[in-house]
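Residue numbers (this note's numbering): 175 to 554.
Using N, Cα and C, we set each Cβ at its ideal position, and we do this for glycine too.
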């Protein structure tokens, strides 16, 4: 790799791909950051650092494996690291995870329109399910391409919200940390005995869980990139992408901490307990801004939901066939029912955290293979 020339433009493109793939609708709503980082106060920074180490480690491994093996299917990377049987299980499980993540998108869409515009939860869920189904069944790729620009917009808006909030409310960070430590939350849910939801018993478990569930998104994606890009360009792209993501997490997390007990303008939601905490931060900057931000978040959820619905449908039926269309509709209806049945906060807490633990186990398989390869090379 040392003799390769680095292409700055390509590095920037690859870093952007890493950022866009990591920062999606869950980040935009702020719910992921609340549960995985903000809930642990200052230790959330340690969680970010541990996540960064894990993220770099497995993405470098995926990239190297893709460059070496040139997989026909990106998901073959699971068999490369875990063997035939465990790898096959992980292959199918990743498909199941995509579908379960579709439930989360339904919940996120429903909560976004409900919190911002006061619409019934089923309205947002139905709109998303119908749009996603039409797109997957009809193959409206031009529509997806047109809204694809929403990804960068989400990143810019979230970081802007975080920076403006931290600059304005930075003096409240100490108070927010004390609230988290003492569990002195305010609002109806706090009076009912609820506290902030977190992803694990401590920051270490949370960081590993976050790294684990993100791993399931990146396995085939990074392996495919590894087969099509120079190793140096991809590695630097991964590094800079990771730095940008981690900075964004820290900025938004501190913004949430400074406003942990801040209520929405209508007094119904609080940052620590809201389904979409970033909407409260946005409306405190400028109320009309939150209405715009809600639309961007919904569009981002839509662009994320489409591939999550397409993945399981295309896995078990050929695209364009009547079976594919029927399966897509059935999966969308089931996803709609489950997504509306469970609150968004609960969906994130159950599905993302559970899959995070599965991903963390995959990291152990990866470490074991690295050790075996190192020993074999040393012996040779």
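For the 8 Å CB-CB criterion, residue 335 and residue 191 do not form a contact. Bridge partners of residue 444 according to DSSP: 437. Here residue 525 carries a helix assignment [DSSP, helix/strand/coil].
DSSP places residue 345 within a helical segment (H, G or I) once states are collapsed to three.
Taking C-beta atoms as the reference points, residue 361 and residue 444 count as a pair closer than 8 Å. Within 10 angstroms of the beta-carbon of residue 540 lie 16 or more other beta-carbons, which makes it buried. The C-alpha of residue 383 is placed about 5 Å away from the C-alpha of residue 531.
Using a Cβ-Cβ distance cut-off of 8 Å, the segment 273-286 and the segment 510-521 are in contact, since at least three pairs of beta carbons, one from each stretch, lie closer than that value.
Taking the Cα of residue 296 as reference, the smallest distance to any Cα among 509, 386, 328 is reached at 509. Judged by their CB atoms, residue 293 and residue 287 are nearer to each other than the 8 Å cut-off. Where residue 511 is concerned, the enclosing alpha helix (DSSP H) starts and stops at 496-515. With 16 or more other Cβ atoms inside 10 Å of its own Cβ, residue 529 counts as buried. Judged by DSSP in its simplified three-state form, residue 200 adopts helix. The shortest C-alpha to C-alpha distance from residue 212 to any of 542, 446, 394, 523 is the one to 446. Taken atom to atom, the span from the alpha-carbon of residue 348 to that of residue 499 is near 53 Å. Around the beta carbon of residue 242, fewer than 16 other beta carbons lie within 10 angstroms, which makes this residue exposed. Judged by DSSP in its simplified three-state form, residue 264 adopts helix. Judged by beta-carbon spacing, residue 393 lies within the 8 Å limit of residue 252, meaning their Cβ atoms are closer than that value. Only residues of its own chain outside the window of five on either side were considered, and among them none has a CB closer than 6 Å to the CB of residue 367. When the Cα atoms are used, residue 453 and residue 487 turn out to be separated by approximately 32 Å. Residue 240 places its beta carbon less than 8 Å from that of residue 401. In this structure residue 538 is exposed. Its beta-carbon is surrounded by fewer than 16 other beta-carbon atoms within 10 angstroms.
With a cutoff of 8 Å on beta-carbon distance, residue 209 and residue 371 are scored as near each other.
Within its own chain, no residue has a Cβ closer than 6 Å to the Cβ of residue 378 once the five positions on either side in sequence are excluded.
Between the alpha carbons of residue 351 and residue 219 lies a distance of about 13 Å.
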